[in-house]
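Asker: Residue 103 in the numbering used here sits at position 102 of the sequence shown; the count goes up by one each step and never skips. Just dropping this structure here.
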Amino acid sequence: MKSKHVAVLLGGFSSERPVSLSSGKACADALEKEGYQVTRVDVSRDVGSVLAELKPDVAFNALHGPFGEDGTIQGILEYLAIPYTHSGVLASALAMNKEQAKKIAKSVGIPVAESKVVNRFAIQNKHPMKPPYVVKPVNEGSSFGVVIVHEGQSHPPQVIGSSDWKYGDTVMVERYVHGRELTCAVMGDVALGVCEIIPTGHSFYDYDSKYVAGGSKHECPAKISPNIYQKIQTLTLKAHQAIGCRGVSRSDFRYDDRHSENGEIVWLEINTQPGMTPTSLVPEIAAQAGHSFGDLLSWMVEDASCLR
């Protein structure tokens with residue numbers, strides 16, 4: 002039934018607003034082409050009253066970052082009884098908190114990197130672990146606030162304790178895992194293909210690598226052995242199910258094959274609101290599995306529900 006009225010939630014007020022505007026526009030345009038009636042909703046603090054008046058059949062959540070990705074907007078949609086896409090309240094909140102998501106992943110046997118959660122001011126003068134390590138905000142996406150501390154660096158990065166830091170006082174310090182950046186998407190209860198991300202001119206898959214055209218090269222499918230490919234798919238689906246995700250999600254991994262082909266596979270995090278921009282990974286992975294962008298979005302709209 003393509004006559005459904007879909008409210009595409011985009012923009013918002015997190016640091017990922019520009020990404021969400023881009024995702025939301027791409028999704029709204031494609032859903033219109035698929036025959037849906039689409040209203041674009043640039044989300045602000047009055048989104049509850051806006052949606053209560055609009056009364057859409059489905060809310061397509063194209064928000065990224067806090068409020069859109071952490072269970073908050075999901076709770077508002079539950080309260081309004083508007084079916085919505087992606088994961089529900091609990092899974093969204095768990096996945097957004099890197100510490101909690103890692104605890105759950107580890108509990109079901111998914112390999113994760115050693116890490117600790119600390120106050121950012123506690124690591125101003127002394128390394129919290131032996132370099133190399135990564136410092137990342139506990140509740141941010143799109144690689145915002147990620148700082149890599151390299152081997153041989155004499156002191157922790159000063160930006161973490163500075164007044165310029167705007168990602169909260171709680172940070173995760175995680176052992177740096179060498180190797181290739183792999184990612185895998187889930188659609189419903191199926192793990193799709195594995196893609197390798199090769200940043201071009203960047204030391205890691207940072208914000209520009211993700212969202213600036215030409216910032217990274219995507220090798221889809223990843224050129225890895227069939228057993229590693231299958232293992233990544235298995236771990237991706239396992240993480241999706243253990244955290245309780247719904248609809249579409251994407252898990253990111255490091256694969257260190259410097260010393261042997263089996264190497265070390267480490268799960269980094271799960272993304273319940275993966276980007277839907279022209280350079281985004283999930284649409285590319287889905288296309289490789291035979292799902293056009295329009296088909297993928299239509300499936301997500303038809304899959305929408307409350308109590309997810």
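Think of the CB as a built atom: it goes at the ideal place given N, C-alpha and C, for glycine as much as any other residue.
1. List the residues that DSSP assigns as beta-bridge partners of residue 11.
2. Kindly provide the ranges of any alpha helix (DSSP H) runs that are 4 or more residues long and lie completely inside the stretch 20 to 88, ordered along the chain.
3. Tell me which residues share the same chain as residue 53 and place their Cβ nearer than 7 Å to its Cβ, disregarding the 5 neighbours each side in the sequence.
4. Under a three-way DSSP split, which group does residue 253 fall into?
5. Tell me whether the beta-carbon of residue 42 lies closer than 8 Å to the beta-carbon of residue 20.
6. What distance in whole Å lies between the Cβ atoms of residue 166 and residue 160, which are believed to be in contact at a cut-off of 8 Å?
7. Who are residue 140's beta bridge partners in DSSP?
8. Would residue 4 be called buried (16 or more neighbouring beta carbons within 10 Å of its own) or exposed?
9. What does the alpha-carbon distance come out to for the pair residue 275 and residue 29?
10. Hey, which unbroken runs of the alpha helix (DSSP H) at 4 residues or more fall wholly within the stretch 239 to 289?
11. Check this for me: beta carbons of residue 180 and residue 257, under 8 Å apart or not?
12. Look up residue 308 in the DSSP assignment and say whether it is helix, strand or coil.
13. Could you tell me the alpha carbon to alpha carbon distance between residue 262 and residue 305, rounded to whole angstroms?
14. Count the other C-beta atoms from every protein chain shown that fall within 10 angstroms of the C-beta of residue 206, then say buried if there are 16 or more, exposed otherwise.
15. Looking only at its chain, what residues have a beta carbon closer than 7 Å to the beta carbon of residue 108, apart from the 5 residues adjacent to it on each side?
16. How far does the beta strand (DSSP E) with residue 217 in it reach, from first residue to last?
17. With distances taken from CA atoms, which of 98, 49 and 56 is nearest residue 75?
Answerer: Checking against the coordinates, here is how it stands:
1. Locating residue 11 in the sequence shown gives position 10, where the first residue counts as 1. DSSP output for residue 11 lists 43 as bridge partner(s).
2. 48 to 55 and 73 to 81
3. Taking the sequence shown and counting its residues from 1, the one referred to as residue 53 is at position 52. Closer than 7 Å at the Cβ level, and outside the excluded window around residue 53, lie 81.
4. Sequence index remark: in the sequence shown, residue 253 carries index 252 (1-based). The answer is strand: DSSP assigns residue 253 an E or B state.
5. On the sequence shown, residue 42 is found 41 positions in, with the first residue counted as 1. On the sequence shown, residue 20 is found 19 positions in, with the first residue counted as 1. Contact: no.
6. Here residue 160 corresponds to residue number 159 of the sequence shown, with the count starting at 1. Here residue 166 corresponds to residue number 165 of the sequence shown, with the count starting at 1. 6 Å between Cβ atoms; contact.
7. By one-based count along the sequence shown, residue 140 stands at place 139. Residue 140 pairs with nothing; no bridge assigned.
8. For this step, residue 4 is matched to residue 3 along the sequence shown. Residue 4 should be labelled exposed.
9. For the purposes of this step, residue 275 is identified with residue 274 of the sequence shown, where counting begins at 1. For the purposes of this step, residue 29 is identified with residue 28 of the sequence shown, where counting begins at 1. For residue 275 and residue 29, the distance between alpha carbons rounds to 16 Å.
10. 282 to 289
11. Here residue 180 refers to the residue found at position 179 of the sequence shown. Here residue 257 refers to the residue found at position 256 of the sequence shown. Yes, the pair counts as a contact, with Cβ atoms nearer than the cut-off.
12. Counted from its first residue, the sequence shown places residue 308 at position 307. Of the three classes helix, strand and coil, the one that applies to residue 308 here is coil, per DSSP.
13. Translated into the one-based positions of the sequence shown, residue 262 becomes position 261. Translated into the one-based positions of the sequence shown, residue 305 becomes position 304. Answer to the nearest angstrom: the Cα atoms are 40 Å apart.
14. By one-based count along the sequence shown, residue 206 stands at place 205. Its pLDDT being 47, under 50, residue 206 is placed unreliably in this model, and the coordinates cannot settle the point.
15. Here residue 108 refers to the residue found at position 107 of the sequence shown. Correct list: empty, nothing qualifies.
16. Sequence index remark: in the sequence shown, residue 217 carries index 216 (1-based). Residue 217 -> beta strand (DSSP E) spans 217 to 220.
17. Residue 75 sits at position 74 when you count from the first residue of the sequence shown. Ranking the options by Cα distance to residue 75, first place goes to 49.
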